[in-house]
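Undergrad: Chains Z and R, in that order, are what the protein sequence lines are. The numbering of the first sequence is the numbering used here, which starts it at 5 and goes up by one. The numbering of the second sequence is the numbering used here, which starts it at 5 and goes up by one. For glycine and all other residues, C-beta sits at the position ideal for the given N, C-alpha and C.
Number of protein chains: 2
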Amino acid sequence: MNVIHSIAEMQRIADAHRSEGKRIGVVPTMGYLHRGHTSLIDIVRGSTDIVVTTIFVNPTQFAANEDFTKYPRNIERDTELAAEAGTTYLFVPEAAEMYPTPYHTYVSVEDITTVLEGRIRPTHFRGVTTIVAKLFNIIKPHVAIFGQKDAQQAVVINKMAKDLNFDVQIIVAPIIREPDGLAMSSRNVYLTETERREAPVLLRSLQYAGEAIANGERSAAAIRTSMELLIVESSSGRIDYIAFTDPESLEEIEKFVPGSRALISLAVRFGQTRLIDNTIIAIP
Amino acid sequence: MNVIHSIAEMQRIADAHRSEGKRIGVVPTMGYLHRGHTSLIDIVRGSTDIVVTTIFVNPTQFAANEDFTKYPRNIERDTELAAEAGTTYLFVPEAAEMYPTPYHTYVSVEDITTVLEGRIRPTHFRGVTTIVAKLFNIIKPHVAIFGQKDAQQAVVINKMAKDLNFDVQIIVAPIIREPDGLAMSSRNVYLTETERREAPVLLRSLQYAGEAIANGERSAAAIRTSMELLIVESSSGRIDYIAFTDPESLEEIEKFVPGSRALISLAVRFGQTRLIDNTIIAIP
Numbered sequence: 005m006n007v008i009h010s011i012a013e014m015q016r017i018a019d020a021h022r023s024e025g026k027r028i029g030v031v032p033t034m035g036y037l038h039r040g041h042t043s044l045i046d047i048v049r050g051s052t053d054i055v056v057t058t059i060f061v062n063p064t065q066f067a068a069n070e071d072f073t074k075y076p077r078n079i080e081r082d083t084e085l086a087a088e089a090g091t092t093y094l095f096v097p098e099a100a101e102m103y104p105t106p107y108h109t110y111v112s113v114e115d116i117t118t119v120l121e122g123r124i125r126p127t128h129f130r131g132v133t134t135i136v137a138k139l140f141n142i143i144k145p146h147v148a149i150f151g152q153k154d155a156q157q158a159v160v161i162n163k164m165a166k167d168l169n170f171d172v173q174i175i176v177a178p179i180i181r182e183p184d185g186l187a188m189s190s191r192n193v194y195l196t197e198t199e200r201r202e203a204p205v206l207l208r209s210l211q212y213a214g215e216a217i218a219n220g221e222r223s224a225a226a227i228r229t230s231m232e233l234l235i236v237e238s239s240s241g242r243i244d245y246i247a248f249t250d251p252e253s254l255e256e257i258e259k260f261v262p263g264s265r266a267l268i269s270l271a272v273r274f275g276q277t278r279l280i281d282n283t284i285i286a287i288p
Numbered sequence: 005m006n007v008i009h010s011i012a013e014m015q016r017i018a019d020a021h022r023s024e025g026k027r028i029g030v031v032p033t034m035g036y037l038h039r040g041h042t043s044l045i046d047i048v049r050g051s052t053d054i055v056v057t058t059i060f061v062n063p064t065q066f067a068a069n070e071d072f073t074k075y076p077r078n079i080e081r082d083t084e085l086a087a088e089a090g091t092t093y094l095f096v097p098e099a100a101e102m103y104p105t106p107y108h109t110y111v112s113v114e115d116i117t118t119v120l121e122g123r124i125r126p127t128h129f130r131g132v133t134t135i136v137a138k139l140f141n142i143i144k145p146h147v148a149i150f151g152q153k154d155a156q157q158a159v160v161i162n163k164m165a166k167d168l169n170f171d172v173q174i175i176v177a178p179i180i181r182e183p184d185g186l187a188m189s190s191r192n193v194y195l196t197e198t199e200r201r202e203a204p205v206l207l208r209s210l211q212y213a214g215e216a217i218a219n220g221e222r223s224a225a226a227i228r229t230s231m232e233l234l235i236v237e238s239s240s241g242r243i244d245y246i247a248f249t250d251p252e253s254l255e256e257i258e259k260f261v262p263g264s265r266a267l268i269s270l271a272v273r274f275g276q277t278r279l280i281d282n283t284i285i286a287i288p
C-alpha cells in the first residue's frame with residue numbers, strides 16, 4: 005500500500021491506471037476506521053483492480069457547533085487497517101491543499117437535503133457533496149462505495165453523481181453492527197459505558213417497526229409513538245427525529261402502501277453523542 | 005466529424021480515447037457559431053488529438069426574463085462550421101437528458117459571482133458552472149477553452165475548476181472582433197442596423213480608458229465618467245455598468261497601481277440587446 009498526500013500525484017496515478025485499463029474503486033472515509041469501513045474496502049476490492057481509501061476529516065461538513073476538532077483520529081491505526089483490508093493507495097490529503105484560501109466553490113443538492121439530517125444540520129450535505137465531487141475529480145474512480153448507515157448521505161450522493169453526470173458507479177453497502185446491534189460508527193467511542201449499553205435500543209426500535217408493519221400496522225404516526233416510548237423508557241436517549249420516508253425521494257410517508265418500500269431512520273442523542281440508524285422495509 | 009446526442013455514448017467515446025492515450029479538448033458553446041467560436045476550435049486543435057465541440061443552449065444560465073427561448077439557433081449551419089473548423093465530435097445533448105426531472109444539483113462559486121454580471125444576473129453563473137461541470141464529467145477533457153469576451157465567466161470557471169480539482173487545463177482565448185471593433189457575439193444578430201452601427205463605441209470607450217491610463221490617469225472614477233459620456237453622447241446605448249477590477253479576484257479598483265493589471269469591463273443595452281466587452285490593461 006502506498007500513502008499519497010498530494011492531489012496532483014493522486015491524479016497522475018489515477019490517470020496512469022486508467023490508461024492501463026485498470027478499474028479504480030474509491031472508499032471515502034473520515035478515518036478512525038472500523039469494520040464498517042473495512043467491509044467497504046472488501047466489497048470494492050471484489051470488483052476493481054485498484055482500491056483507493058481516502059482519509060480526510062472534512063471541515064465543510066461540520067457546523068461550528070459540531071465535533072470537527074474532537075472527531076476521533078488515529079492515522080497510524082488507520083494505515084494498518086486500510087493496508088490489511090487490501091487498500092492499494094491510501095489518500096490522505098492536507099486540509100490546506102483541499103481548501104486553499106480563498107475557497108469559493110460548493111456542490112449543493114437541493115430538496116432532499118432539507119429534511120431529516122439536513123433539517124438539523126443545514127450545511128452538512130453541501131460539505132459532503134463538495135468533498136465527494138472533489139475526491140471524484142482527484143481519484144477518477146469507476147466505482148465509489150458508501151455505507152447505508154448514513155442513509156440520507158447515500159441518497160444525496162447518488163443524486164449528485166447522477167445529476168452532474170459523474171461516470172462513477174455508486175455502491176451502497178449494508179450497515180455493519182456490533183454483536184448487540186449497535187451500528188458501527190467512529191462516534192461510538194464518545195459513548196460512556198452506560199450510554200454504550202443503552203444504545204442498541206436504536207436497532208430494537210427499528211426492529212419493532214418492522215414487526216408492527218409485518219403485523220399489519222399501516223400508520224407511521226402509531227409506529228413512531230411506540231418507537232419513541234421504547235427509546236425514552238429504556239434509555240437516556242433524547243430523540244432528534246424518527247422519520248418514515250420514501251427511500252429515494254425522502255418524501256414523508258404517513259400510511260404505508262403495500263408493495264412500496266419505506267426508509268425508517270432516526271437520530272438520537274446520548275449525552276453529547278448523536279447516533280443515527282435506519283432500515284429499509286418492503287411493505288407487504 | 006461525428007455528431008453525438010447521448011451522454012452515455014459521449015462518455016464511452018471519451019473513455020476509449022483516454023485509454024488510447026489521446027488528448028481531448030472541449031469547446032463548450034451555445035451554438036449559433038461565429039468566428040469567435042471557430043477560433044476556439046482552432047486553438048484547441050493545436051494542442052489535442054480529439055476536439056469535442058458542444059452545442060447546448062443551457063436553460064439554467066438564463067433567468068425567466070432573459071432570452072432563452074429566442075436565443076438564436078441554427079444547428080445545420082453550426083454543424084457545417086464546426087466540421088470545417090476541425091471538430092472531431094459535435095456533442096449536442098437534449099435538455100431532457102441534461103436536466104432530467106427532478107433535477108436538484110448545482111455547482112456554485114461564491115463571492116466572485118455577486119459582482120459585475122452576477123449583480124445583474126444573480127443565478128447566471130450558477131447555471132454556467134453547473135453545465136460546465138456536467139460537460140467536464142461527460143467529455144472528460146484534458147483541455148477546455150473559453151473566450152475572454154465573457155471575462156467574468158472565464159474567471160469563475162477557472163476558480164470552479166481549481167476549487168473542485170477538475171484535472172482540466174483551462175485556456176482563455178482572446179476576443180475576436182468585427183472589422184469595426186465590435187466583439188463577436190451570437191447576440192449581435194439582435195441589433196437593428198442603427199444599433200449595429202453604434203455598437204463599436206464599446207471598444208472605443210475601452211480604448212479611451214487604455215489611452216487615459218497610458219497618459220497617467222490613475223483614477224477609475226475619472227475614466228468611468230469619460231467613458232460614460234463617450235457612450236451616451238455617441239450612441240443610444242444605456243449603460244448597465246462600467247467596472248474596474250482586479251482580473252482574478254474581481255475586487256473593485258479605485259486607483260490604478262503601477263505594475264498591477266486591471267480588468268475594465270462593461271455591459272451596455274442597445275434596445276433589447278445587452279452587449280458586453282472588456283480589456284485587461286497592464287498599468288505602467
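(1) Of the choices Phe274(R), Tyr212(R) and Ile280(R), whose alpha-carbon is the least far from that of Ala187(R)?
(2) Determine the closest residue to Asp244(Z) out of Pro262(Z), Ser223(Z), Arg222(Z) and Thr277(Z), with distance taken between C-alpha atoms.
(3) Are the Cβ atoms of Ser253(R) and Ile287(R) separated by less than 8 Å?
(4) Once you ignore the five residues that flank Thr134(R) on each side, which residues in its own chain have a CB closer than 7 Å to its CB?
(5) Hey, Lys138(Z) and His108(R) are a contact pair by Cβ (cut 8 Å); roughly how many whole angstroms apart?
(6) Out of Gln15(Z), Thr52(Z), Val132(Z) and Ile180(Z), state which residue places its alpha-carbon closest to the alpha-carbon of Gly25(Z).
(7) Round the Cβ separation of Ala155(R) and Leu267(R) to the nearest angstrom and send it over; I've been treating them as touching at under 8 Å.
(8) Are there 16 or more other CB atoms within 10 angstroms of the CB of Gln211(Z), so buried, or fewer, so exposed?
(9) Residues of chain R with a CB under 7 Å from the CB of Met164(Z): which are they?
(10) Could you pull out every residue in the same chain whose Cβ sits closer than 7 Å to the Cβ of Arg125(R), ignoring the five residues on either side in sequence?
(11) Listing by chain order, which chain R residues have their CB less than 8 Å from the CB of Pro288(Z)?
(12) Between Asn192(Z), Ile180(Z) and Pro97(Z), which has its C-alpha nearest Ile8(Z)'s C-alpha?
(13) Since Gly214(Z) and Ile285(Z) are thought to touch, with beta carbons under 8 Å apart, how far apart are those beta carbons, to the nearest angstrom?
(14) Tell me whether Gly40(Z) is buried or exposed, calling it buried when 16 or more other Cβ atoms sit within 10 Å of its Cβ.
(15) In the DSSP output, what is Glu256(R) paired with across the bridge?
(16) At a CB-CB cut-off below 8 Å, which residues of chain Z make contact with Phe170(R)?
(17) Is it true that the CB of Met34(Z) sits closer than 8 Å to the CB of Ala87(Z)?
(18) Could you work out which residues of chain Z lie near Asp82(R), taking near to mean beta carbons separated by less than 7 Å?
(19) Mapping the DSSP letters down to three states, classify Tyr107(Z) as helix, strand or coil.
(20) Which runs of the alpha helix (DSSP H) spanning at least 4 residues fall entirely within the region 74 to 127 of chain R, listed in chain order?
(21) Count the other CB atoms, across all protein chains shown, that sit within 10 Å of the CB of Val193(R); report buried if there are 16 or more and exposed otherwise.
(22) For Glu114(Z), which residues in chain R fall below 8 Å Cβ to Cβ?
(23) DSSP three-state label for Asn162(R), please.
(24) Would you mind telling me which residues of chain R sit closer than 8 Å to Gln15(Z), beta carbon to beta carbon, in chain order?
(25) What number of angstroms, rounded off, separates the C-alpha of Val48(R) from the C-alpha of Gly90(R)?
(26) With C-beta atoms as the reference, is Val56(Z) less than 8 Å away from Tyr93(Z)?
(27) Using the beta-carbon count (16 or more within 10 Å), is Ser23(R) buried or exposed?
(28) Look at Gly151(R) and Glu199(R) and say whether their C-beta atoms are less than 8 Å apart.
(29) Should Val160(R) be labelled buried (16 or more other beta-carbon atoms within 10 Å of its own) or exposed?
(30) Considering only the alpha carbon of each residue, which of Gly50(Z), Thr73(Z), Asn69(Z) and Ile79(Z) lies closest to Thr58(Z)?
(31) Starting from Leu37(Z), trace the alpha helix (DSSP H) in both directions and tell me its first and last residue.
(32) Between Asp184(Z), Ala218(Z), Thr127(Z) and His21(Z), which lies nearest to Glu202(Z) when the distance is taken from Cα to Cα?
(33) Rounding to the nearest angstrom, what Cα-Cα distance links Ser230(Z) and Ala165(Z) in this structure?
(34) Contact criterion: CB-CB distance below 8 Å. Does Ser10(R) meet it with respect to chain Z?
(35) Give the secondary structure of Thr52(R) by DSSP, where H, G and I count as helix, E and B as strand, and everything else as coil.
(36) Just by C-beta distance, which residues in the region 185 to 206 of chain R are closer than 7 Å to chain Z?
TA: This is what the structure gives:
(1) Ile280(R)
(2) Thr277(Z)
(3) no
(4) Thr64, Tyr110 and Val111
(5) Rounded, the Cβ-Cβ distance is 19 Å, inconsistent with contact.
(6) In this structure, Thr52(Z) is the residue among Gln15(Z), Thr52(Z), Val132(Z) and Ile180(Z) with its C-alpha nearest to the C-alpha of Gly25(Z).
(7) 6 Å
(8) exposed
(9) Taking the beta carbon of Met164(Z) as reference, the chain R residues within 7 Å of it are Thr109, listed in sequence order.
(10) For Arg125(R), the CB contacts under 7 Å within the same chain, skipping 5 residues up- and downstream, are Ala67 in chain order.
(11) Neighbours of Pro288(Z) on chain R: none; closest Cβ ~28 Å, over 8 Å.
(12) Pro97(Z)
(13) Sure, about 5 Å apart at Cβ, within 8 Å.
(14) buried
(15) Thr249(R).
(16) Asn141
(17) Met34(Z) is positioned such that its CB atom lies no closer than 8 Å to that of Ala87(Z).
(18) Within chain Z, no residue comes near Asp82(R); the closest Cβ sits about 22 Å away, beyond 7 Å.
(19) coil
(20) 79 to 88, 99 to 102 and 121 to 124
(21) exposed
(22) His108, Thr109 and Tyr110
(23) helix
(24) Neighbours of Gln15(Z) on chain R, chain order: Asn169 and Asp171.
(25) 10 Å
(26) Yes. Within cutoff.
(27) exposed
(28) no
(29) buried
(30) Ile79(Z)
(31) Segment: none, Leu37(Z) is in no alpha helix (DSSP H) and carries neither H nor E.
(32) Asp184(Z)
(33) 37 Å
(34) Residue-level contact check: Ser10(R) does not touch chain Z, since none of the beta carbons of chain Z fall below 8 Å from its beta carbon.
(35) coil
(36) none
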